[in-house]
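Asker: Here it is, the structure, as structure tokens.
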Amino acid sequence: MLTGWLDVQRATVRLKCAGLTDEQAQLAVLPSSPRMTVKTLVAHLRWVELSWFEASFLGARELAVPDPLELPQPPGASLDELLHEYDQQCARSREIVAGHDLDDIEAWAPEGLDLLSLRWIVTHLLEETARHLGHLDALRELTDGTTGY
């Protein structure tokens with residue numbers, strides 16, 4: 001059930017981006033968050049998938065970034081490219097989850113943090129993706145007036 005709801009959230013990311021031009025996807029329309037754009041959120045969501053499932057759970061710590069709170073800035077990537085990378089990363093994440101038990105514990109965590117179960121990671125990704133879908137809702141509505149699914 002958890003993975004099913006996570007997949008619903010992942011699919012909604014693509015729906016929220018449908019029909020946007022690259023120029024629209026690069027607009028920063030939230031005055032309190034001048035670096036937050038549709039493109040930076042899609043890039044961030046891709047990184048979140050990579051970081052939790054590959055860096056933390058599988059232990060590929062070289063894939064972890066120094067500042068997880070920093071929104072990536074993908075100046076040269078088109079929205080279509082970013083969505084493709086996100087889709088590929090989500091597919092990789094699905095493979096990882098399918099090959100393990102939800103009670104398995106991650107292989108690596110940053111210093112000072114507890115090791116977490118795959119169940120915790122999937123639940124966190126569900127929450128994180130849904131949270132950023134709220135941001136995408138606001139960005140999309142302020143960009144072109146589109147609301148809803």
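Note that the sequence shown covers residues 1 to 149 in the UniProt record's numbering. All C-beta atoms in this analysis are idealised placements derived from N, C-alpha and C, irrespective of residue type, glycine included.
Where does Met1 land, buried or exposed, given buried means 16+ other C-beta within 10 angstroms?
Answerer: Locating residue 1 in the sequence shown gives position 1, counting from the first residue. Its Cβ having fewer than 16 others within 10 Å, Met1 is exposed.
Asker: Distance check for Thr146 and Gly19, CA to CA, integer angstroms please.
Answerer: Counting from 1 along the sequence shown, the entry for residue 19 is found at position 19. Counting from 1 along the sequence shown, the entry for residue 146 is found at position 146. When rounded, the distance between both Cα atoms is 10 Å.
Asker: Check Ser117 in the structure and name its three-state DSSP category.
Answerer: Counted from its first residue, the sequence shown places residue 117 at position 117. Three-state DSSP puts Ser117 in a strand.
Asker: Name the DSSP beta bridge partners of Ile105, please?
Answerer: Along the sequence shown, read from residue 1 onward, the residue named residue 105 stands at position 105. Looking at the DSSP assignment, Ile105 forms a beta bridge with Ser117.
Asker: Kindly indicate which residue of Gln26, Pro110, Ala11 and Glu62 has the alpha-carbon position closest to the one of Thr37.
Answerer: Numbered from its first residue, the sequence shown carries residue 37 at position 37. Minimum Cα distance to Thr37 is reached at Gln26.
Asker: Note down the Cα distance separating Thr21 from Ser33, rounded to an integer number of angstroms.
Answerer: As a position in the sequence shown, residue 21 is number 21, starting the count at 1. As a position in the sequence shown, residue 33 is number 33, starting the count at 1. Rounded to the nearest angstrom, the two C-alpha atoms are 20 Å apart.
Asker: Any contact between the segment 92-105 and the segment 114-129? By contact I mean 3 or more CB pairs, one from each, below 8 Å.
Answerer: yes
Asker: Following the continuous alpha helix (DSSP H) through Ser93, name the residue where it begins and the one where it ends.
Answerer: As a working mapping, residue 93 is identified with position 93 in the sequence shown. Element bounds for Ser93: Leu79 to Ala98.
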